[in-house]
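Below is one structure, written out as structure tokens; comments come after it.
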Amino acid sequence: MERAEALDIAEATLHSSGFTVSRRCSSRTSCFDFAARKEENLVFIKVLIDIKDISPTDAVSLRAVAKCFDCTSLIISDMNGNEKLSDDTIYSRYDVYVVTSKTLDDIVRGTYPMIEATRGGYFVRLDGDEVRLRRHELGLSIGKLAGMVGISRRALYGYERELTRASVAVAYKLTEILGVPLVKTINILRNNQDDQKTDIDFQQSNCMKNKLHRLIMDKFAQLEFKVTQLRRVPFDFAASCPKTNLRIIGSFLRKKRQDTNNQVEEIMSLSELIKARPVFFGINRKNTPRNVPFLGLKELTKLSKKDELMSLL
């Protein structure tokens, strides 16, 4: 299967389940192919034939953009080298979730996977409250139940408090002994991925390209916005104002008109989906479509209040 076909399948799967899908991002190299939203579920998606094709840099950028918008990032792929990935299983590549196209179809229809694949094997998340409740109902001590399962007391203690995951074999044995379903499904469309603060901060520190970019970042910070610079995405930064819940995505426009048109269309599509206001920056409006928010260098330097910025957007 070619990647273009895989992209078509992923988009069709999402559309068929009521998701709104953004325009594909191709005006410049992007860590994600498109974003998708259904109600409050927002996800940035990269579609690959082989999960080995994702680079560490793209993975960091994918996590960073998801963190900016309090959502999740996801890679859709069916292969890991010469091995086919299993359906109904969650994989991870550089801390980004990976699922097959079949698993994506199940997820958007409300059937969530239970198994997570790691280098150490296949694991599941147990409902700790249910384990503890059922153990008490059967009159079993932690030591007694641990012995019946063939695990340590410490391991069982961790399962009951959901401090650690259980192997598939242990989960099966526990379920057999306690006689009730114990394994939790995993809704990966929710924002429950690990916070990778160090990597994201590193990304920001290496993104400052020129004086104009620095001026814009400093101006937004002066206006009490939290600003995150981003790499390998269609826009250059995301800014948010905690007091007003306002979000902005900003981009420094290119010189070529065709590149600019494609970039603008992608960003306008994304901004509507992620509920952020788009704004474009440059020395002047020469190659900028008239129907998009634009701030020139002179306008920017004159801003001193947040309200002044809002009136221009």
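Quick note: the sequence shown uses the working numbering, first residue -10, plus one each step.
Think of the CB as a built atom: it goes at the ideal place given N, C-alpha and C, for glycine as much as any other residue.
| Asked | Found |
| --- | --- |
| For A25, name the three-state secondary structure that DSSP assigns. | strand |
| Run through DSSP, which three-state label would S5 get? | helix |
| Based on Cα-Cα distance, which residue from K208, T217, S6 and F214 lies nearest to S293? | K208 |
| Could you check the C-alpha separation between P267 and R98 for me, to the nearest Å? | 31 Å |
| Can you list, in chain order, the residues of its chain with a C-beta nearer than 8 Å to that of S19? Leave out the 5 residues immediately preceding and following it. | R221, V222 and P223 |
| According to the Cβ coordinates, are F259 and F270 closer than 8 Å? | Per the sequence presented here, residue 259 reads as Leu, with Phe not at that position. Their beta carbons are not under 8 Å apart, which means L259 does not touch F270 by this criterion. |
| How long is the line joining the alpha carbons of A1 and L262, rounded to whole angstroms? | 17 Å |
| Who are V88's beta bridge partners in DSSP? | I65 |
| Which of the three DSSP states, helix, strand or coil, is assigned to C60? | coil |
| Using beta-carbon positions only, say whether E151 and G117 come within less than 8 Å of one another. | yes |
| Nearest-angstrom Cα distance between I64 and Y148? | 29 Å |
| Which residue's Cα is closest to the Cα of E288: N280, E297 and V281? | E297 |
| Is Y83 closer than 8 Å to P45 when the C-beta atoms are compared? | yes |
| For the region 15 to 32 and the region 53 to 61, state whether three or more C-beta atom pairs, one from each stretch, are separated by less than 8 Å. | yes |
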